[in-house]
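Data first, discussion second: the structure below is written as structure tokens.
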Amino acid sequence: MIRKIVATVTLVVSLFGVEIPLQTVQMHSFNRSVALNAQVIQLANAEQSITSLVSGHLEEYYVKPAQKVKTGQKVALLESIVVSKMSANYLALKKQLKAVSKNYNATKNLYKKGMTSMQELNNQEIKKSEINSQLTALESQLETLGIDAKGLKKATAYFILYAHSSGTVSSLVKPLHSSVNTDEPVISIVKNQAYYIKSFLPLEYATKVKVGDKVVVTYAGRDIVTHITQVLPKLDEMTQRVVVLSSVNEKVENLFINSYVKSTVYFGLGRRDLAVKKSALSFFKNEWVVFVPNKEEHHEEESEEHEGHEEAPYGVVVVKIIAEDNEYVAIEGLSEGEEYVSDKAYYVKSMILKGSLGEHGH
Amino acid sequence: MLDKIIELSLRYKVLVLVAFVALSLFGFKAYKEIPVDAFPDITPKQVVIYTESPGNSAEDIEKLITYPIESAVSGMAGVKLIMSNSIFGLSYVSIFFEDSMNIYFLRQLVSERIGSVDIPNGWGKPQLGPNTTGLGQVFWYEVRDSRGKYTLQEIREMQEYIVTPLLKSVSGVEEVISWGGEEKQYNVLIDTKKLQNFDITYSDIITALQNSNQAAGGQYLEFNSEQYLIRGAGLYQTLDDIRNTVVKSSVGESITIGDVARVVPGSAPRFGAVSIDGKEAVMGMVLQRTATNAAKVVENIKAKLETVNTALPDGVSIETIYDRTEITHKAVSTMTSALISGIILVAIILFLFLFELRSAFIVILSLPLSLLIAFLLMDYYSLSANLMSLSGLAIAVGMIVDGTIVIVENSFRKLHDEPDAEKFDVVSRAAKEVATPVTFAVLIIAAVFIPLLSLDGLAGKLYSPMALNIVFVMLGSLLVALVLVPVLILLLLKPTSSAENIVMKTIKSGYTPILIFTLNNTKKVLIAVSIVFVGLAYLLSQQGREFMPELNEESIMYRVIAIPGTALTQSIVTAQMVEKHILETYPDEVATVLSMIGRSEKGETAQGNYMEVLLTLKPGIEDLEALTEEMNEDLEHRFTHVAFVPTQPIAMRIEELLEGVKAELAVKIYGSDQKVLDSISKEIQSVIGSVEGLEHMEVESQLGQAQIKITPDYLALARFGISVDEVMDVIRNGIGEEPVSEKIEGVRRFGIVAKIKDAKKDAESIKKVTLRSKSGALVTLGQICKVEIQQGAAFIKRENLSRYMVLSMEVDGRDVASFVAEADRLIKEKVNMPTGYYIGWAGDFKNMKEATEKLMLIIPITIFLVILLLYTAFNSLGKAMIILLNVPFGFIGGIVALVASGIYLSVSAIVGFLAIFAIAILNGIVLVSFIDELRERFPHVELKTILKDATLLRLRPVLMTAFTTLFGILPLLYATGVGSEIQYPLSVVITGGIISSTLLTLLILPSTYLLFYGEKE
């Protein structure tokens, strides 16, 4: 019986004349960013706070009040459990990646010789890229904290705060050996003269950004990385948008004041969700759906009744879209590891809907 | 009067001869000039109004365009039916008028009416569809670039600006439709985020584009006695002109289009594509004007093609894809060859029976003469030579000679009997004797076919040319028989010894004992035959029915339907997969495969999910039917994601003319809400699902089109000071790519589109489209509008101002009428119909029912007319009844033949029965009139003896008329060419009918005569 059913399944699939690819639901990290219009401005005597991105314990100040500092100069040392966890995690993942890569290469060789299935190779690849993406996420988080992740040999709890711009230290906000919370200012620096980027942010994003978030400015064909130093409390009346300021710390030739530029604001650390390929989505009876292959046992019962009928080997699962990027969408409605139709969803939908077409070949 | 005619024509024999020579010459000229067509013009009087409304959804188009147009035209005189279809980007309203109206007058009336229709600005302008018939697509071609030098866009441009104007100038061409390729437009790609930088709005850009790009005339100036014209040439010449267009300027500085946008050539969004053998292509379709002749138009087009090919660049040429004349010639040649073989067969039969050269010559000569007279009449009434009209002639071939045979027979016998009498007198007497029965016989034959002329709609249009032609040729034959034949007899026939040949002798020796037996057992035989007839009549009522047999056009075509909402690009992929598959699987049979995907322009209502695939076959395919069947099966199994409906080019157009419903039987559910209609259709499905005889049932799904609906949030708009107008402008022009101006290059025009960059990547990107208010607020569409995805209507069909949905079904093994009665009762009892919702039955069944009802009324009238004619001829009701009684006996053979060959009862078969009706009466007249004559001559001989002798004496003419009719029709029975299947049921019925009617005339009629008049003796 089972053999017969398998035969019908493969028959139906091949009857399409197109192969229907399957994948499993995976975790995927979604970076949130929004492209905005921005303007280059210059501000005098602007005060800038240096904040800690994670909570920790203030161990040491490297600077004194009224001291002149330059961009990138060390200003304080903090100790944090979060950082030690992150770095340990990073190292462990690195080891895992090595092992998985080895496995993958071995499977690839086997596949080339025809000794294993494409499915198996795919699984290995997914596993590898999964770890890789986690690693990249952690790496970038560590880098933001000023830790050279690649050079990390063992786990560390220490991280250093650097000055974002050149200026004069106006005050040391936190007493030494005190606890510092996330996003709490530690030192404030007054800048003498500086270029800023004034990005105009729609209200819906305004609550999501915070000081320190990355803003990449495209100017004359190059990307300049800046960080938000201030979210202005007053809405720009003219554009009805929230203005965020980010300082330009690197030296940019010919940066013309008042010129308009494109800026991209990245906010929030990458969030991870269950995700499916965007190509898997289909709009079906007023809902977004993903098609999943029917279980084989299920088939067995069904085909007893529908002897001789072509039975759709796919089921429909309604999903809720939470987030999306260019390739993936974060969804609710499927669980991790579940198989789904990752592409050519159109053919599956056609098969299910064909019965209701206006005409039928007789 | 008849006597007078015969008398006069015999007297002025030279004049008669000259007149007939002249008549033949004119007839021949008419024959050469008669327009040739595959089919009679079956198009209903129909005016189509289509309104292109780019980018708009079916729902909005229905509300804002279709409904106002429908209401405006609904009160017009002569309107029979208004149907409409609102689809994405197009409103299509079709008005059917009474057939008696003049199309040009109607078009004028309609265009006056639509002038008063109020359609919102920017929603398109209603236009009348091309003035063509449903079968107007007479010539399809590909603009082929054999060297692969040009892009699809360039080829499309050639098609539109080189080929189309040239072909449109051809006489008889109404319209040339372009299909496939891409249409060039110029995109002004705007990054709306930048609007803030220059303090401008999206509308400013549109206004700037519209206000530039102008030309003006500045009159003239005189200088040194000469006149200089002044011209303001402000039309865009180059793309840089567009880039340098000023959007806004203040003192000393100005902002140009180039500052805010990139100007690049691009192509317009498309709704259709063409693919040939796996590659996209550009094709054109030539539509013929109403009331022109297809063959002539195509001939004119072909003559023009040389000019077109010279005008096209090297390597690009016009390649014919479909040419209506091919099928026309095939159909006409099927019929002419049937006609010619009929004539030859009839001639042979005549010679065998008469066994005398001179009389055979006279009878055979009457054949072409009658036909030439018919052609003359056809020409006069501008009837084209087509499948149906020619088949009328083919059916009549055998009957044409009947009148002549009778006259020649009689004269022959008389000349033989009275060798010494004056020849002029003998011939005159002989002709006069039979003139009345011959005239009445011909009139009766003509009368019998009158019901066909009364049929409405498609059947009427198809079969009335046939009936008309039968009438024409019979009148012709009457003229020949009464005027020319006596003259020829006088000149040619010589008294010879009795021409009793071996054939006749053998037949007589077998026939006599049977005749004697029946005359001795009249009652028993009559009862037995009546029982047989009643039994067969019952069988006939159980026979399956169909409206029309399918015409075999010797081509294979498919309608391929994917699920609603399928993207055009996906359909192109599907079409190309199908094309490649067919070419690979059937390399020996198929030459090329053409797919027409979606729609062209000009009032087609297909969407991206619809394709038409036409196969061009290689010559020398032996069994086309088997190939078609194999291919149907193969394709249906190979491509399970689409539905294949086999059809043929002409059949497809005819199906479309059948006023919307193609199924055998369908329920139309009327009402206003599509969702309610949908649920009612489901209810009906479950209620009648169990009714006996229901084979198959399906709903035409109207929903299923995914839509991204952008609803303005008025509060939000108020907050930012943006008007709905601006939002809709952005949607229409910026996202929907409606041109805001045109770049004119010579006579070619290309749209200039203010397109918003990256707006159409996916649903999310729509929300991110940025607008800027005049005061400077920068908002995204997502901020001021509710952007949601929902399932909407793929199309909305309406009939007489009400929406409807079609539930079509097939019924098998049961009489459709009783099925409808039961299903209708069940629906009324069990389905809950909300107020304002109702159902109606439609489909082939309805057409058949209407035709049957009409015939039920007309046939008794015809029978009455026939009785009247018979009564006038014999001056006796009894004899009229005896002859009429012959008819059911004639039907016996027809029914047996029909049932035995398993043919459905169709209009074609009914025509066959009508012919039998005529033949049976003809046979009856010949015999009864002779019996009367003998009774008069030998009043004292016993009736039984007279009956026996009369029948034996008349055996030859009766058999002769029967055999000529039979052999005249035989070529139709064995014809295999295009169009033969339409005539097949008819010829089957006639063949069976002739045999039985002749046999029974010779055996039963004497018995009935004996029963009627035996006692009186």
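Read top to bottom, the protein sequences are chains W and Z. Under the numbering used here, the first residue of the first sequence is numbered 2, with each subsequent residue one higher. Under the numbering used here, the first residue of the second sequence is numbered 7, with each subsequent residue one higher. Even glycine gets a Cβ: it sits at the ideal position worked out from N, Cα and C.
Within chain W, no C-beta atom comes nearer than 8 Å to that of Z:Gly284; the closest sits roughly 14 Å away. From the listed residues W:Ser166, W:Ala195, W:Gln231, the smallest Cα separation to W:Asp214 is found for W:Gln231. If you look at Z:Pro271, you'll find it in the beta strand (DSSP E) that goes 267–273. Contact check for W:Ala39 against W:Ser260 fails: the beta carbons are separated by 7 Å or more.
Burial is judged here by how many other beta carbons sit within 10 angstroms of a residue's own beta carbon; Z:Glu232 has fewer than 16 and is exposed.
Linking Z:Pro977 to Z:Lys174 through their CA atoms gives a straight-line distance of about 41 Å. Distance check between W:Glu238 and each of W:Phe268, W:Val218, W:Leu204 places W:Leu204 closest, using alpha-carbon atoms only. Chain order gives the chain W residues near Z:Glu770 as Glu325, where near means a beta carbon separation below 9 Å. Straight across, the Cα-Cα distance linking Z:Ser59 with Z:Trp129 is about 5 Å.
In this structure, the CA atom of Z:Met703 is about 11 Å from the CA atom of Z:Lys688. Of the candidates Z:Ile627, Z:Val902, Z:Gly466, Z:Gly466 places its Cα closest to the Cα of Z:Pro46. At a cut-off of 7 Å between beta carbons, W:Met28 makes no contact with chain Z. If you draw a 10 Å sphere on the C-beta of W:Tyr315, you find 16 or more other C-beta atoms in it, and that means buried. Secondary structure note for Z:Ile603: its beta strand (DSSP E) is the uninterrupted segment 596–604. Put simply, the backbone Cα of W:Asn124 is about 17 Å away from that of W:Gln135. Z:Val85 and Z:Phe103 have their C-alpha atoms spaced approximately 5 Å apart. At least one CB atom of chain Z sits nearer than 7 Å to the CB of W:Thr240. Residue contact check for W:Met352 against chain Z: a CB pair falls below 7 Å. The residue from Z:Glu639, Z:Glu856, Z:Gly264, Z:Leu961 with its alpha-carbon nearest to that of Z:Lys200 is Z:Gly264.
Identification of residues in the segment 636–654 of chain Z having a C-beta nearer than 9 Å to some C-beta of chain W yields Asn638, Leu641, Glu642, His643, Arg644, Phe645, Thr646, His647, Val648, Ala649, Phe650, Val651, Pro652, given in sequence order. Assigned with DSSP and collapsed to three states, Z:Tyr544 falls in helix.
As a beta-bridge residue in DSSP terms, W:Leu162 pairs with W:Ala77. Judged by DSSP in its simplified three-state form, W:Glu340 adopts strand.
Straight through space, the alpha carbons of Z:Glu635 and Z:Ser907 are spaced by roughly 21 Å. At a cut-off of 7 Å between C-beta atoms, W:Phe268 does not count as an interface residue with respect to chain Z. Counted as a single uninterrupted DSSP element, the alpha helix (DSSP H) harbouring Z:Arg435 occupies residues 429–454. The beta carbon of Z:Ser30 lies closer than 7 Å to those of Leu375, Leu378 in the same chain, with the five residues before and after it left out.
When the alpha-carbon of Z:Leu911 is set against those of Z:Thr858, Z:Thr868, Z:Val947, Z:Ile236, the nearest one is in Z:Thr858. Taking the Cα of Z:Gln159 as reference, the smallest distance to any Cα among Z:Val837, Z:Val288, Z:Gln680 is reached at Z:Val288.
Here Z:Pro457 is near Z:Ile865, since their CB atoms are less than 7 Å apart. When Z:Ile845, Z:Val270, Z:Leu972, Z:Ile901 are compared, the shortest CA-CA separation from Z:Ser808 is found for Z:Ile845.
Sixteen is the threshold: when 16 or more other Cβ atoms of the shown chains lie within 10 Å of the Cβ of Z:Asn416, as they do, the residue is buried. Per the Cβ contact rule, the segment 678–693 of chain Z is in contact with the segment 832–844 of chain Z (3 or more Cβ pairs under 8 Å). Residue contact check for W:Asn255 against chain Z: no CB pair falls below 7 Å. Cα atoms of Z:Glu148 and Z:Ile324: separation of roughly 6 Å, rounded to the nearest angstrom. A Cβ-Cβ separation of about 6 Å places Z:Leu215 in contact with Z:Thr251 under the 8 Å criterion.
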